[in-house]
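Encoded as structure tokens, the structure appears first; notes follow it.
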Amino acid sequence: MAWALVTGGTKRIGKAIALDLAKHGYDLAIHYNSSRQDAEILGKQIQSLDRNCRFYQADLTCDQDMLNLLPRVKADVPELDVLVNNASIFEPATLKETELDLFDSHFAVNFKAPYFFTRDFARLYQKGNIINIIDTRINKNDFSYSAYTLAKKALANLTEMAAWELAPNIRVNGICPGWK
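Here you go:
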């Protein structure tokens, strides 16, 4: 039985990833922040595919919640095969418009959490696959989403660094969805 953890897995891209993994035979550990109702609906969809699922609430802007997530999953799922770092916040603000709280929340969710989830996955599981959801904006210097874009650029760099450091037991890749 293969298991995957998808952060931010109850909405948008995360939900699509979770459902696709379930259709391909994975059981799911799914993180959400505040969308409990969406989690319950998704749980029914996954169970209708004859797959198991577990849900984990955590506010990734809260260090304690973030640092406890992978150990909580490990307690329930001793063998985790895939980690998808998908959770993200996406709020517009240029450099001049960005306040400290917006900057901190973007870096906490879009970079710091995936950094520590990658670390904890390597410590707790020692083998498997990590997929980081980045964004095509990293190649455009989109100033209208400055904190978001910079956090995703940092995530892209983490992806490359972790791929080299954790190979060959853990494969780390990034996917950059977006538009032209």
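Counting in numbering that gives the first Met the number 0, the sequence shown runs from 0 upward without gaps.
The beta carbon of each residue, even a glycine, is placed where N, CA and C say it ideally should be.
Residue G7 holds the alpha-carbon nearest to the alpha-carbon of I88 among M0, G7 and D62. Every unbroken stretch of the alpha helix (DSSP H) spanning 4 or more residues and falling wholly within the region 27-57 is given here in chain order: 35-46. Inter-segment contact for the region 62-75 and the region 19-27 is absent: fewer than three beta-carbon pairs are separated by less than 8 Å. For G13, the uninterrupted alpha helix (DSSP H) run begins and ends at R11 to K22, by DSSP.
About 18 Å separates the CB atoms of F102 and A155; that is not less than 8 Å, and the two are not in contact. Straight-line measurement puts the Cα of L27 at about 14 Å from the Cα of I129. By DSSP's assignment, N84 forms a beta bridge with N131. Counting only the Cα atoms, F120 lies some 13 Å from A166. When the beta-carbon positions are compared, V83 and I16 come within less than 8 Å of each other.
Within the model, the alpha-carbon separation for Y55 versus N172 is close to 24 Å. Restricted to the region 94-160, the alpha helix (DSSP H) segments that are unbroken, complete and at least 4 residues in length are 99-106 and 112-124, listed in chain order. Following the DSSP letters along the chain, one finds A74 in no beta strand (DSSP E) but inside the alpha helix (DSSP H) bounded by residues D62 to D75.
When DSSP states are grouped into helix, strand and coil, L165 belongs to the helix group. CA-CA distance, T117 to N131, rounds to 9 Å. In the three-state reduction of the DSSP assignment, G8 falls in the coil class, being assigned neither a helical nor a strand state.
Judged by DSSP in its simplified three-state form, G173 adopts strand.
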